[in-house]
Structure formats: structure tokens, C-alpha cells
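Numbering (our numbering), first residue to last: 32 to 570. Note that the Cβ used here is the ideal one computed from N, Cα and C, for glycine as well. Reading through the C-alpha cells given below for one structure.
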């Protein structure tokens, strides 16, 4: 397991200093700049975004702890197949037993850092082109705890730890069932309706239930009753009855005992199950991830000035100005999608092609200015491997990893930044943003096999319940997010004597105040940055 990494002030300041030294600026991490520059002017900036959250907005808009996905009355509920295992034991034993582990609690939090390199150049007075190359990092902290419970009776399935023993026992059981079937056919053929026929038929019926039940139980879940627990003792008693009935019919006993889990599972056992690439979940981690720097989705854009104007006072000095511009952006799929091998992984950006059109407008006076932007995002479909699991759950088996075709919903975003000028260069303002995305549609890229296995099952719970249901991945993809914050800006670019040259520094704090969807982060976002404007030619 990689070490837990908690963001600290020295780390944040170090990244901040590096970002400024490198003079990089995120397009999503800045006050709304005028997207169009004078001909021959270039804008290069520096900054970073820090986004931290441990809550999300649920489908109905309520705040939910991310750790609630790991919090259960019984930790066994985290492992797929528990209901099926319970049903098989109820059928075999004639009554239900409380198959469970101790209660689990979880803590999950994310901290994202985004540091892009952005450059814009005015190629004409009304046309500017730009590019953003982002570096991104996502740090995960996750902790799963399982409390002790005197009623706990499940451990790691022996189909995982002692596969050959399970296979040998089931083979012996199947052989005895075939022999009992042949014996019943012979007895009932010779003496139909006799007591011997009734006894042979009853034994065959019992064997049919037990054979089917044990085959299914060993393949239902990665958990199985542990030796010495009530469920295990009840199973051993049932099989002893079967052996006695076989011998009473003159047949050989199954012999031996059904393999059981060695001990009741605890936190370490579950973590080992969830972090075994060769295990039933084909995963390498369910825990903290120190994160790594990676390339995000590269952006290319072109902006065009549509309208602009100004009013002057009696002395000829500008008293107000306004501007309207449009921007078209192509976001390339250079980022990485989520890794199916990490249960809590989040991809770097979304790793898909996006097209975005936006309209920018600004109005300013000597004491007040307001900037706004309305954007429409057209997300393109893509194909990738995904782990099919319902919303609010984390773990699923290897059989639930399938190739899917995902068509994300389109989105709209509105941003408004009103500001009060405290001096010619310093302003204080608010930052408001509202985002909405439609629900995605998800389909299997190829027709999956949804039929029950016809050959010997894979022991240890690799056959789970969600396979063939990729539409589960569309749950919680609809987004509504409302953010509000404040910012302070120092800007010299607007001073007339600078002729479009100068720089801008800003600091913004913004938090999510409402939202809905099921997967929408409910956290705080801190942003800072510098932007420098210089003339390359003309002016």
C-alpha cells in the first residue's frame, strides 16, 4: 500500500512557488480575463488550483460523506454476493443464519492540484489563439476499519486460499450424487412406491439441494463461514447427516469435511482481498494513494471580439467600457480515465474529446467592474474499460469489468465576477459559478455473457451480480453544482499608459454551496495565479 499523504502548508507553498517560477496559468484557475488580446500581444501566466473534498452532493442534493460507501452495519456487505451466499445456506440448512462481520467505517477524501501552462497570442486585433497544457495530481486518503463482533462468522473463502481442496471435495460430492441417482433409479425401478424407494428418493433430493447449494455458495462471494462459527458447525452437521444417509443406503460417504474459512476476516484480510491483482476482484488497491503528476486534457482555443465600446467624460477620460467576445475550445483526450484496478481511483481530467463554446462579456467603470461568461460543453462519446458497480458501492468482481461505450451528457456553465475597485490597480470582488451536466448513457461495447456459467464455477466470488448491466454506470452522472466565493485582484494591464502591457495577480477562495447528482464534489477550492502580458510585435 502506498503511504498516506496529507496536504500540508509547506507542500502547498512549495507547489505555489514552483508554479509561479514556471509562470504557468490554468484557464480554469483564474479570474475571467478578456479572451482577446491586441494584435502582437502575448499572455503568459502562473498559478494553481487546490480542490479538497470529503463530501459529495447526493442525487437529492443532500451532503453525503464519501466514507459512507465503506460504512456498513456488517463489513460483509462491502463484498458482493453476500445475499446469494445467505440464500444458499438457508436452502441447504433449512433456516437462515446471520452471516456477518463486524461493522465497518470508512474515511475517504481527495485533494486535487492542477497546474497548467497557458499561452495566448493576439494574431489580429480581434482574433486571439491560445493553448493550455495542464499538469494534474490527485491525492487520495482512504481508511477502512472493521470493528470486532462476537457474532461475526465469515472469513476468506477457501476457494481462494485452498482452491484444490474445494475442487476435490465438490468432485467427491458430485460423484456420490451420481451414485445415489443411479441407486434410486434401480430401487424405484424394481420396487416403485416401496419404503426403500422413498428413502432413496429422499436422499437424492437432499443431495441435489446440497450439491447445488455448495457449488453456488463457494462461487457466490469471496467470503465463507469460518471454522468454529455457528454457520460452519451447522454445515458440518448437515454434511454428516448426508454421509450417514449414504451409508444407510449402502453407498460410500462423501468423506472428509467441506473446506471452511480458516478464521473470521478482519480489516487486514479484507484489504488483502481488495488489493490482489490475481484475486477475485482483479484490483491492486483500496486505500490511500499518494498520487502522481500526470498530463491532463490539453486545450486549444480561438477567441474573436464581437463588440466593444467606451464612454468618456467631459475631459475625454474613459468613464466606462464594455466588451463582448466568443471563444471556441477543443479539449483533447490526453488525460487518463479511471483505472479499473484501483477501486477509488479518479482519472486525470476525463480523457475524452470535448468541444466548448463560450460567450464572454465585461463592463467596467472607474469604481466597479463585472465580468461574465456563459459556456456550452459538448462532450464526445468514448470507449474504455469500466468496473460496473451501482452508485454508492465500491467493490465488484473481475466479471464486472467490461468495455463500455459512454456518451457523457452535455453541459452548460455560467460564471459572474463583480468587483469593486479599491484603487487604480487593486479590486475586491465575488466569484459565482453555476454548472449543469445532463446524465450520461452507458452501453456495453460488445454483447456481454449474462448467462449463468454452465461449467464448474470459479470459486471465490469472481462471478458477481452486476455483469452485463453497464447502465448502472450512468447513475449519478447528472450534475448540478452551485459555487460561491470571493477574490482579490491586482491588475496593471488595464492602465492606459501600459498600452496593454502589465501583469495581474489574484487570489480566490470558492466553496460549493449546493448541488445534486450523486457524484458531485462538495468541497472548497483555492486558486491563485499571475498573468503577464507583453508585446511581441506592433504596439
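In this structure, the alpha-carbon of residue 393 lies about 11 Å from that of residue 341. In the displayed model, residue 285 falls within coil according to three-state DSSP, outside both helix and strand. Note that the C-beta distance between residue 245 and residue 212 is not below 9 Å. Around the beta carbon of residue 287, fewer than 16 other beta carbons lie within 10 angstroms, which makes this residue exposed. In the pairwise beta carbon analysis, the stretch 72 to 81 is classified as touching the stretch 144 to 151: at least three pairs are separated by under 8 Å. For residue 166, the CB contacts under 6 Å within the same chain, skipping 5 residues up- and downstream, are 146 and 324 in chain order. In terms of Cβ geometry, residue 411 and residue 385 form a close pair [threshold 9 Å]. Counting only residues of its own chain and dropping the five nearest sequence neighbours on each side, residue 351 has a CB closer than 6 Å to the CB of 342 and 396. Counting the other Cβ atoms within 10 Å of the Cβ of residue 116 gives 16 or more, which makes it buried. For the options 545, 516, 555 and 559, the alpha carbon positioned closest to that of residue 536 is the one of 559. For residue 174, the enclosing beta strand (DSSP E) covers residues 158 to 177.
Cβ contact annotation for residue 555 (same chain, cutoff 8 Å, sequence separation greater than five): 82, 83, 84, 540, 541, 542 and 543, in chain order.
Here residue 202 is exposed, its C-beta having fewer than 16 other C-beta atoms within 10 Å.
In the three-state scheme derived from DSSP, where H, G and I count as helix and E and B as strand, residue 227 is classed as helix.
Closest by C-alpha distance to residue 463, out of 98, 99, 518 and 180, is 518. Annotation: the continuous alpha helix (DSSP H) that includes residue 195 extends over 194 to 221.
Looking from the CA of residue 278, the closest CA among 333, 266, 230 and 298 belongs to 230.
Residue 244 sits in a helix when the DSSP states are folded into three classes.
For residue 559, the enclosing beta strand (DSSP E) stretches over residues 555 to 566. Residue 172 and residue 436 have their alpha carbons spaced roughly 30 Å apart.
The criterion of a C-beta distance shorter than 9 Å is not satisfied by residue 358 and residue 329. Secondary structure note for residue 122: its alpha helix (DSSP H) is the uninterrupted segment 113 to 124.
Following the DSSP letters along the chain, one finds residue 272 inside the alpha helix (DSSP H) bounded by residues 261 to 279. The C-beta separation of residue 327 from residue 366 comes to about 5 Å, placing the pair in contact by the 8 Å criterion. Assignment of beta-bridge partners to residue 545 by DSSP yields 513.
With respect to residue 418, residue 432 sits close: the two C-beta atoms are nearer than 9 Å. Exposed is the label assigned to residue 259, since fewer than 16 other Cβ atoms lie within 10 Å of its Cβ.
One Cα belongs to residue 120, the other to residue 232, and the distance between them is close to 22 Å. Bridge pairing for residue 342: 351 [DSSP]. With a cutoff of 9 Å on beta-carbon distance, residue 257 and residue 263 are scored as near each other. With contacts defined as CB atoms closer than 9 Å, residue 124 and residue 269 qualify as a contacting pair. A straight line joining the alpha-carbon of residue 505 with that of residue 271 spans about 48 Å.
Taking 8 Å as the upper bound for CB-CB distance, residue 107 and residue 130 are in contact here, some 7 Å apart. DSSP links residue 249 through a beta bridge to no other residue. In summary, residue 64 is buried, with 16 or more beta-carbon neighbours lying within 10 Å of its beta-carbon over all protein chains present. Under DSSP, residue 401 shares a beta bridge with 394 and 449.
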